[in-house]
Amino acid sequence: MKDLTPAKHTLDPIEIASRDEIEALQLDRLKWSLTHAYENVPHYKAAFDGAGLRPGDLKSLSDLAKFPFTTKQDLRENYPFGMFAVPRTDVKRIHASSGTTGQPTVVGYTENDLKHWGNVVARSLRAAGLQPGDLLHNAYGYGLFTGGLGIHLGADALGLTTIPISGGMTPRQVRLIDDFKPKGITVTPSYALSILDEFNTQGLDPRASSLDVGIFGAEPWTNAMRTEIEQAFDMHAVDIYGLSEVIGPGVSMECVETKDGLHIWEDHFFPEIIDPNTGEPMADGDMGELVFTSLTKEAFPIIRYRTRDLTRLLPGTARSMRRMEKVTGRSDDMIILRGVNVFPTQIEECLMATPGLAPHFQIELTKPNRMDEMRVLCEATTGGDHTDAARALAHRIKQSIGISVAVDVAVPGSVARSQGKAVRIVDKR
Ligand code: DLL
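Using UniProt numbering, the letters of the sequence shown map in sequence onto residues 1 to 429.
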C-alpha cells in the first residue's frame, strides 16, 4: 500500500494547535452556541429554564455537564422545523433521517453551516490521504441522507474531482472504477463488500484496481473487516464517523498514517462520554455513550445530544484533537441474549476469524419457547459441505462471547446484500 501521509503544511493550523488553544476556542464557541440555542429555539429556552440555568452559567468547559441533554425524542416532538434557530428563509439545505423507526429527524444548514461542513469533510478526506486534483468515487447515497451530498461538499472544498455515483447499480460501480481509475472510494463497508463480489463476478482483480484508499463509515465495522478489505483491494481502509443531528459525515476521522481511532474535529463539535444509565459524565478513557454539542452551527444548534453510540475518548496522536475509539455499536443495537450483552460487531469479529466463511452476515432473533434464541446467517466462500465451518463459528462465538447460537452457512450469494447501511438484526420475536 502507498504511503498517503499528508504533508504537515497542508493541515489546518488548528489540527495541530496546542490543547490550550483548542480549549480556549471551544470555550468561546460554546458560550456562543448555548446563547444562540437559548435565544432562538423555544425547546432550548424551556429546557434550560427548567434546569434553572442560563447560558451565562457556563464559565468553564466542565460546566456544560450541568446543562440538559437533547434526545432523538426532543427532535421528533419538534418535527419538522421546530429546532431551527434561524428563519426558514436562511436555511439553504435540509437533510433528514429515513424515519423507518418513526418520525424522521429533520436538520437544516445555513450557508455558513454548509461552508463549515465542507471544511470538516475536506479535512477528513485529506486525513485519508487524498489531495487536490485526486479522483473520488463517491458511493454514499445522494438525497436526504447526509452521506452522498456531505462527502461531495468536502470533496469540492478540498479540490477533488468527484464521481457522484451514489449507491446501487453495482455492476456499473465496478465498470466505472475500472474505466475512470479513481484513487479513493467513499462507501459503507458493507456495500464495499458487495462491490468486491462484483469485481470477482466480472473477472476483474480488485487488487489491480486504481484504488489507494477507501473511506468507510455510516455503520459500525471492525478492525478484522479492515484487514479483509485492505487485503482484498490492496488499499488503505480508514474510518469516518458522523450523524445527521450533529452535521453528517465529518464529525471525526481516522488518519491514514496511524489508523488508531478517529480524531474528533473538536473546533466544531464538543464531545463528552456519559454513563448511558445514569447520564453522569465519565472520564476520558472510560467506555460510555457519546454526547455532542455543536460549537458553530447556526441553523440547527445541538446541545448535549445523546448519540446512543458507545465508545471512549482518547488523547490526540497524529492530530492534537482527541480521538474516539472505533464505535462498537449503538445502545439500540445491543442484543441481550439470556443475560449477555452482544453487539453485531462481536459476531463480525468471530466470523472474520473463521476460515471458509464470507464476510456477509445477518443475525436472526426468535423466541420459540419463552427463551430468546440467536441464529447467525452467513455464507461460505465456496460450494461444498459447510458443516465444519458452521461448527467452528458457533464454537468461537461460545468461547469469545459466551453465548450459544445456531449457525446457518448457506451457499455464496444467499445473505441479503447491502447498498448502503447493512441490516444486521432481523428480529422475529
Ligand atoms: O451515517 C452520516 C455518515 C455518512 C457518516 C457517511 C459517515 C459516512 P446518520 O444516517 O444520521 O448519519 O447515522 C448516524 O450511524 O449515530 C452511528 O450509529 C452510525 N455511524 C456513522 N458512522 C459510523 C462509523 C450518517 N464510522 C449513525 N462507525 C451514528 C460506526 C457509525 N457507526
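For each residue, glycine too, the CB sits at the ideal point set by N, CA and C.
Among the options, nearest to residue i - alpha-carbon criterion
i, options, result
"P220", "V327, F300 and D3", "V327"
"residue 430", "R312, N223, P276 and L136", "The question about residue 430 has no answer, for the chain in this structure spans 1 to 429."
"G52", "F67, N40, E39 and K59", "F67"
"I401", "G420, M371, S166 and R338", "R338"
"A392", "V405, G383 and G384", "V405"
"F216", "P6, R306, I240 and F343", "I240"
"A416", "H360, D284, T317 and E373", "H360"
"G133", "I163, I264, V246 and D427", "I163"
"P412", "N200, K92, R126 and A7", "N200"
"L204", "K92, D284, R175 and E272", "R175"
"M1", "T227, L160 and Y38", "T227"
"T186", "M225, A46 and H152", "H152"
"T10", "G159, G285 and L310", "G159"
"W32", "R308, T222, H263 and P55", "P55"
"P80", "P104, S252 and G261", "P104"
"A394", "R375, T345 and L149", "R375"
"P171", "G148, T161, L149 and D197", "D197"
"K92", "K115, K59 and D286", "K115"
"K8", "L310, D212, L377 and Q131", "Q131"
"M287", "I247, S252 and R330", "R330"
Neighbourhood of residue i by C-beta distance below 6 Å, restricted to the same chain and skipping five residues each side
i, result
"S190", "S418 and A422"
"V256", "L4, A128, G129, H236 and V238"
"I425", "I363"
"E298", "V86, T110, N112 and D113"
"K367", "R429"
Sequence-distant residues of the same chain with beta carbon closer than 7 Å to residue i, five excluded per side
i, result
"R396", "C350, A353 and T354"
"Q73", "none"
"M83", "V41, H43, L75 and F300"
"I414", "Here residue 414 turns out to be Ser, not Ile, going by the sequence shown. E379, listed in sequence order."
"D63", "D57"
"D372", "L337, R338, L365 and R429"
Within-7 Å CB hit, residue i to chain B
i, result
"D260", "No chain B appears in the structure shown, which is made up of a single protein chain."
Chain-order list of residues whose beta-carbon lies under 8 Å from that of residue i (same chain, five-residue window excluded)
i, result
"A389", "T354, P355, G356, L357, A380 and V409"
"I22", "I14, E266, D267, S320 and M321"
"N341", "M334 and I335"
Assumed close pair residue i, residue j - CB separation to whole angstroms, cut-off 8 Å
i, j, result
"L313", "R319", "About 14 Å; that fails the 8 Å criterion."
"G154", "G214", "16 Å between Cβ atoms; not a contact."
"H95", "T35", "Wrong, their Cβ atoms sit about 25 Å apart, outside the cutoff."
"residue 460", "T70", "Residue 460 lies beyond the range of the chain shown here (1 to 429); nothing can be said about it."
"I335", "L365", "7 Å"
"T317", "T258", "5 Å"
"S244", "S97", "6 Å"
"L25", "L61", "That pair is no contact at about 11 Å."
(Q) Is it the case that the stretch 198-211 contacts the stretch 104-122, given that we only count it when at least three CB pairs across the two stretches are under 8 Å? (A) no
Q: Could you name each continuous beta strand (DSSP E) segment of 3 residues or more that falls completely within the UniProt domain "AMP-dependent ligase C-terminal" (339-429), going from the start of the chain to the end?
A: 340-342, 357-366, 373-380, 406-410 and 425-427
Q) Does the stretch 111-121 come close enough to the stretch 314-327 that 3 or more CB-CB pairs lie under 8 Å? A) no
Q) Any chance the stretch 290-308 sits against the stretch 262-281, with 3 or more Cβ pairs inside 8 Å? A) yes
(Q) Measuring CB atoms only, is the stretch 183-203 touching the stretch 213-232, in the sense that at least three cross pairs come out at less than 8 Å? (A) yes
Q | Contact between the stretch 170-182 and the stretch 276-283 (3+ Cβ pairs under 8 Å) | A | no
Q) Is there contact between the stretch 137-153 and the stretch 8-21, where contact requires at least three CB pairs shorter than 8 Å? A) no
Q | Sequence ranges, alpha helix (DSSP H) only - wholly within the stretch 110-183, length at least 4 | A | 111-127, 146-158 and 170-180
**Q.** Every unbroken beta strand (DSSP E) within the stretch 183-262, with a cutoff of 3 residues, ordered by chain
**A.** 184-187, 213-217, 236-243 and 248-254
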